[in-house]
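Participant: I am attaching a structure below and will ask some questions about it afterwards.
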Amino acid sequence: YFMYNGSSGINAEYGGVRLHVVDKTAINFQDVSDVEKYEISREEYEKREDSVMAFKKRNKMGRFNPEVQAKLAATAEENKTKAETIKVGDRCETRTPNQPTRRGEVMYVGQTDFKDGYWVGVKFDDPVGKHDGLVQGKRYFKCGDKFGGFVQPRFCEIGDFPPEVDFSDDEI
Numbered sequence: 435y436f437m438y439n440g441s442s443g444i445n446a447e448y449g450g451v452r453l454h455v456v457d458k459t460a461i462n463f464q465d466v467s468d469v470e471k472y473e474i475s476r477e478e479y480e481k482r483e484d485s486v487m488a489f490k491k492r493n494k495m496g497r498f499n500p501e502v503q504a505k506l507a508a509t510a511e512e513n514k515t516k517a518e519t520i521k522v523g524d525r526c527e528t529r530t531p532n533q534p535t536r537r538g539e540v541m542y543v544g545q546t547d548f549k550d551g552y553w554v555g556v557k558f559d560d561p562v563g564k565h566d567g568l569v570q571g572k573r574y575f576k577c578g579d580k581f582g583g584f585v586q587p588r589f590c591e592i593g594d595f596p597p598e599v600d601f602s603d604d605e606i
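First residue of the sequence shown: 435, per this note's numbering; consecutive thereafter.
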């Protein structure tokens, strides 16, 4: 049988005889830091007919689908319109799909560097957030660690939402 030992050698055993072969010209596949990376310009890639981008264009998939683009534009406009009605200091309830409803105070409204579109920065009443208002090195607002989060304006309902009181620990 033959066994590759992970470097440039091969071990072979047959009938009690062991043969070890070392190839000094073999490439070390464990360390690829010296391998030159293949790069292509965006313009050259867009010209290719055998690329994933060309396939998506031909089949009107993703960003090349006019229906998807129209839906994204409508969502962006909905978020912008809703953001214009939200003010810093407002009490809110966030209703993000597949997430529990959370209450908090609006700390930021506007566009961000980390993602396109309009966003609402919320200081939650409970530590259910992801940060303290600092995202990718930029401070948008200040709050306790794990009390801050961003939601799209369309998932942020403004109103009289007092902090929820947890009575589960109270004695009867």
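For each residue, glycine too, the CB sits at the ideal point set by N, CA and C.
Between I581 and K514, what straight-line distance do the alpha-carbon atoms span, to the nearest angstrom?
Facilitator: In the sequence as displayed, the identity of residue 581 is Phe instead of Ile. About 24 angstroms.
Participant: Taking DSSP as the reference, what is the three-state secondary structure of M541?
Facilitator: strand
Participant: Rounded to whole angstroms, what is the Cα-Cα separation between E598 and G551?
Facilitator: 30 angstroms
Participant: Hey, out of L568, T535 and A460, whose CA is closest to M541's CA?
Facilitator: L568
Participant: Which of helix, strand or coil does DSSP assign to E480?
Facilitator: helix
Participant: Measure the C-alpha to C-alpha separation of P561 and E511 and round it to an integer number of angstroms.
Facilitator: 31 angstroms
Participant: Within 10 Å of its beta-carbon, does A517 have 16 or more other beta-carbons around it, so buried, or fewer, so exposed?
Facilitator: buried
Participant: Beta carbon of V554, beta carbon of P587: below 7 angstroms?
Facilitator: yes
Participant: Tell me whether E527 sits in a helix, a strand or coil according to DSSP, three-state version.
Facilitator: strand
Participant: Could you give the DSSP three-state label for V675: helix, strand or coil?
Facilitator: No statement about residue 675 is possible, as the shown extent of the chain runs from 435 to 606 and does not include it.
Participant: List the endpoints of the continuous beta strand (DSSP E) containing E598.
Facilitator: No beta strand (DSSP E) contains E598, which DSSP labels as neither H nor E.
Participant: Could you please give the first and the last residue of the uninterrupted beta strand (DSSP E) stretch that includes K505?
Facilitator: No beta strand (DSSP E) holds K505; the alpha helix (DSSP H) holding it covers P500 to A517.
Participant: So for V486, helix, strand or coil by DSSP?
Facilitator: helix
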